[in-house]
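Heads up: the structure comes next, in structure tokens.
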């Protein structure tokens with residue numbers, strides 16, 4: 001079964017990069033422009049993995065994760081945070097927020113795909 | 001999308017981001033003057049720089065990444081409330097913004113960047129950067145290095161490897177509740193370990209409570225895992241990086257002599273692994289889903305995150321409204337192809353109407369009615385297509401604020417740029433080609449228009465000089481005004497320079513307007529007094545001609561002591577215009593309707609001879625020069641006006657009115673403008689061409705050039721004194 | 001490409017290029033067929049004011065404004081009185097489109113680089129400026145035109 005990924009980032013460039021890499025890797029990809037858009041698209045996208053940026057207008061990444069993990073219909077879908085920093089405190093913050101893992105930008109295809117495979121439920 | 005396409009997307013996005021950045025900085029600047037700064041505004045600015053950095057990193061644009069990072073770090077200080085955006089800070093931000101624009105452009109054009117150029121502004125930024133973080137961050141954020149926390153494939157080759165005797169690890173792993181809550185899974189981790197070597201996992205169920213006391217969210221299992229691998233320890237630890245702190249974990253090396261089953265038990269080990277992995281996989285997700293009150297829900301709100309969050313929520317309605325307008329990006333070539341085809345359609349429609357008329361189709365017939373409707377639709381299509389190319393002048397105006405900053409920096413004058421009518425839409429090409437002349441005019445306004453600060457104070461003016469940039473639509477044209485509240489044009493000085501440069505005859509008696517217009521004369525570059533700033537080899541004559549090449553005009557209105565207003569008037573589009581179709585010596589030509597004041601058929605008595613062959617016409621007591629268009633174009637020798645001809649009263653940019661003689665007036669219609677330049681070149685007196693209903697080409701007359709060419713201008717001796725045509 | 005080839009007549013290449021040959025003012029000329037977009041009959045042109053005498057005007061070529069040059073006049077030969085049986089060769093030079101009025105198109109020639117001889121030294125500067133070589137063909141001499149020099153602007157610049 002094809003893995004479905006929902007990528008949430010306000011930067012068109014990053015969205016297109018993610019889409020391009022993930023489609024190449026054989027995943028199904030949906031994109032959203034921020035947390036609000038991500039929440040709206042979630043039910044239809046029904047992703048196996050969510051990738052989200054942190055700095056976004058309207059609803060940032062942490063609020064988005066909060067809405068996914070808490071809220072009325074909490075979900076345990078794996079969430080990878082896109083971050084430009086690999087600082088330990090940022091990782092801790094992401095973990096505290098409920099993120100499954102993180103991807104440090106700039107990413108390359110191999111790293112991105114391996115991160116997704118690491119957290120996704122798929123037949124090995 | 002290929003990488004190249006995405007790269008292009010990145011630079012397109014950069015344009016938007018830089019626009020948002022400039023706008024945001026401007027807003028912060030305005031707000032900080034009033035006190036409170038909107039936090040979403042700061043966030044937006046931060047995000048813009050952050051996004052540029054993120055995208056740049058993907059394309060290994062190291063210079064850009066580095067600079068954006070430095071900029072972002074300081075913006076973050078403002079965002080965190082640690083740095084107040086006072087005027088000094090904003091000054092640095094604006095300069096950093098300008099540098100960022102340059103770096104983006106250099107990266108796009110693949111031009112080399114001298115890192116030294118960044119040094120000054122980076123040093124300024126770093127003054128505001130948090131002291132201890134700066135080093136760490138800069139080191140931490142290198143596009144190549146620590147870009148990923150997982151095992152790096154390259155590391156396999158590095159052989160940081162274990163001692164020879166080491167053959168694996170014994171791992172004790174006990175997940176906490178939140179490990180599952182975060183979407184991690186013991187099974188996935190064990191699977192990841194199995195990619196490093198041979199895994200044997202033993203599940204410890206001793207932690208399982210009695211069924212009746214079992215919590216749905218509880219993580220009760222732990223594992224003892226044996227991993228036979230020659231990977232180094234940090235690779236193994238990296239597998240658990242995501243769950244660091246969310247589990248108990250010990251990793252101990254196993255040495256060769258250790259009594260560990262390896263190959264023999266490999267199969268059963270794997271079987272066991274799967275079996276055990278199944279349990280948490282089924283259990284954990286449901287468990288978390290069923291728990292509305294996860295412990296981590298509170299952990300997600302650290303104190304410092306709470307504030308920006310509420311601010312963001314307040315703004316969300318407004319932001320949502322901003323983003324709802326859906327847009328698509330279209331290759332400009334496609335739009336231009338469409339415009340061309342629609343142009344052909346309009347011509348074709350005109351041809352069809354003409355054919356129908358010639359074929360004797362009456363105006364009351366259905367064919368005629370259908371053709372009328374066709375004409376209407378063609379026009380509507382054309383207008384809609386033109387609207388695609390229209391863009392607000394905002395981006396152009398934003399570029400000008402940088403020019404003002406640079407100019408004020410260079411001259412030491414304090415200047416405030418006020419912009420109005422930024423939403424006014426103009427054809428994209430016009431906007432692009434307006435940038436240079438406008439830049440020059442703005443520099444001029446700051447450099448020559450505004451007085452020095454001391455002088456302003458002396459004259460009882462505000463210390464801050466104002467330059468106002470206004471755009472508006474009026475009567476089918478776009479008007480762009482550059483005004484300053486400076487000293488106004490020093491007419492005495494301008495006249496003196498004009499005489500010195502031989503542009504003006506010393507004996508000429510010039511009106512104020514004529515003196516003001518001298519600054520547009522070729523060769524009038526007041527080099528002696530021009531500073532480095534505006535004296536860059538272009539004079540206002542270049543400004544004028546570049547505006548004229550867009551079908552525009554520029555006029556001056558200067559009041560001594562109060563300042564000057566330069567008004568540029570431009571056609572809405574470069575593709576169509578309203579024209580009057582006239583007959584000139586057997587040739588069909590078009591006169592732009594905007595230039596025509598009225599049409600006359602004077603009696604011979606109303607025409608008076610002046611000198612050796614020049615004619616003037618008396619219109620309501622005014623004597624206006626008459627130009628024989630056919631003779632002016634050399635189609636025939638000059639002839640006196642006959643009453644079978646028609647005069648068009650035409651107004652020029654400089655507000656001169658004169659009469660053009662044509663043989664007949666045919667029609668008034670919208671014409672599609674076709675350039676002559678591409679395949680031929682410039683022609684004096686001809687602005688462009690169009691295609692008529694019969695498929696033939698008609699030339700569009702440049703009435704201003706005709707005036708300059710055909711009227712003796714004693715004041716402006718350099719204006720082709722012998723180009724009088726045959727009419728003299 | 002043509003001028004470079006002409007400058008090196010001793011090259012070993014035996015590649016043939018196709019040239020369109022035509023007559024005007026009683027002489028035979030040719031240029032690279034790759035530069036020809038189409039050949040069409042004479043249509044009345046719209047006169048351009050202040051244009052050089054060899055520029056007959058502009059015509060509408062499917063929406064483009066294309067200047068028409070009387071090639072004979074351009075080369076300093078007697079002017080061509082435009083007639084219905086004359087033809088216009090529409091050529092694309094760099095990005096410019098230009099129409100050349102000639103009497104008639106006569107042939108398509110396959111020419112190898114060795115066949116092109118350099119222009120014999122003659123007195124006329126005009127000839128030297130516009131003719132980049134000559135090609136012998138059935139007792140006749142076909143003059144190879146440097147089409148880029150024909151453009152009206154290049155006249156103004158030079």
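Residue numbers (UniProt numbering), protein chains in the order written: chain A, 1 to 124; chain B, 1 to 728; chain C, 1 to 158.
For glycine and all other residues, C-beta sits at the position ideal for the given N, C-alpha and C.
Everything numeric in this text was worked out from a predicted model, so none of it was measured.
Any chain A beta carbon closer than 8 Å to residue i
{"i": "residue 188 of chain B", "result": "yes"}
{"i": "residue 50 of chain B", "result": "yes"}
{"i": "residue 275 of chain B", "result": "With a pLDDT of only 36 at residue 275 of chain B, under the threshold of 50, the placement of this residue in the model should not be trusted; the figure read from the coordinates follows. No, because no Cβ of chain A sits closer than 8 Å to the Cβ of residue 275 of chain B."}
{"i": "residue 174 of chain B", "result": "no"}
{"i": "residue 183 of chain B", "result": "yes"}
{"i": "residue 242 of chain B", "result": "yes"}
Residue i at chain B interface by Cβ criterion, 8 Å
{"i": "residue 66 of chain C", "result": "yes"}
{"i": "residue 99 of chain A", "result": "yes"}
{"i": "residue 94 of chain C", "result": "no"}
{"i": "residue 101 of chain C", "result": "no"}
{"i": "residue 69 of chain C", "result": "no"}
Outcome for residue i when other beta-carbon atoms lying within 10 angstroms are tallied against a minimum of 16
{"i": "residue 653 of chain B", "result": "buried"}
{"i": "residue 85 of chain C", "result": "exposed"}
{"i": "residue 588 of chain B", "result": "buried"}
{"i": "residue 115 of chain A", "result": "buried"}
{"i": "residue 623 of chain B", "result": "exposed"}
{"i": "residue 121 of chain B", "result": "buried"}
{"i": "residue 67 of chain A", "result": "buried"}
{"i": "residue 484 of chain B", "result": "buried"}
{"i": "residue 66 of chain B", "result": "buried"}
{"i": "residue 608 of chain B", "result": "exposed"}
Cβ-based neighbour list, residue i, same chain, cut-off 7 Å, excluding 5 preceding and 5 following
{"i": "residue 323 of chain B", "result": "Residue confidence is low: residue 323 of chain B scores 45 on pLDDT, short of 50, so the model does not pin down where it sits. Its coordinate-derived value is still stated next. Same-chain partners within the cutoff: there are none."}
{"i": "residue 636 of chain B", "result": "585, 630"}
{"i": "residue 335 of chain B", "result": "388, 389"}
{"i": "residue 707 of chain B", "result": "652, 656, 658"}
{"i": "residue 108 of chain A", "result": "none"}
Between the CA atoms of residue j and residue i - distance to the nearest angstrom
{"i": "residue 132 of chain C", "j": "residue 119 of chain C", "result": "6 Å"}
{"i": "residue 26 of chain A", "j": "residue 250 of chain B", "result": "36 Å"}
{"i": "residue 32 of chain A", "j": "residue 226 of chain B", "result": "41 Å"}
{"i": "residue 553 of chain B", "j": "residue 350 of chain B", "result": "30 Å"}
{"i": "residue 2 of chain B", "j": "residue 107 of chain B", "result": "18 Å"}
{"i": "residue 466 of chain B", "j": "residue 429 of chain B", "result": "28 Å"}
{"i": "residue 52 of chain B", "j": "residue 102 of chain B", "result": "13 Å"}
{"i": "residue 596 of chain B", "j": "residue 650 of chain B", "result": "5 Å"}
{"i": "residue 43 of chain B", "j": "residue 50 of chain B", "result": "10 Å"}
Same chain only: Cβ atoms within 6 Å of residue i, ignoring 5 sequence neighbours per side
{"i": "residue 557 of chain B", "result": "565"}
{"i": "residue 94 of chain A", "result": "81, 102"}
{"i": "residue 54 of chain B", "result": "none"}
N- and C-terminal bounds of the alpha helix (DSSP H) containing residue i
{"i": "residue 150 of chain C", "result": "147-150"}
{"i": "residue 729 of chain B", "result": "For residue 729 of chain B there is no data in the structure shown, the boundaries of chain B being 1 and 728."}
{"i": "residue 355 of chain B", "result": "332-358"}
{"i": "residue 84 of chain C", "result": "Taken as a continuous stretch (DSSP letters only), residue 84 of chain C belongs to no alpha helix (DSSP H), as it is neither H nor E."}
{"i": "residue 65 of chain A", "result": "61-69"}
{"i": "residue 479 of chain B", "result": "Where residue 479 of chain B is concerned, there is no enclosing alpha helix (DSSP H), although the beta strand (DSSP E) it sits in stretches over 477-484."}
{"i": "residue 42 of chain A", "result": "35-45"}
{"i": "residue 707 of chain B", "result": "703-710"}
Cβ shell of residue i (< 8 Å), same chain only, five flanking positions each side left out
{"i": "residue 668 of chain B", "result": "578, 579, 580, 581, 593"}
{"i": "residue 362 of chain B", "result": "368"}
{"i": "residue 162 of chain C", "result": "As displayed, chain C neither begins before 1 nor continues past 158, which places residue 162 of chain C out of reach and without an answer."}
N-terminal and C-terminal residue of the beta strand (DSSP E) that residue i is part of
{"i": "residue 132 of chain C", "result": "131-137"}
{"i": "residue 250 of chain B", "result": "247-255"}
{"i": "residue 174 of chain B", "result": "166-175"}
{"i": "residue 386 of chain B", "result": "That residue, residue 386 of chain B, is in no beta strand (DSSP E); its alpha helix (DSSP H) goes 366-389."}
C-beta neighbour in chain C for residue i, strict 8 Å
{"i": "residue 696 of chain B", "result": "yes"}
{"i": "residue 691 of chain B", "result": "yes"}
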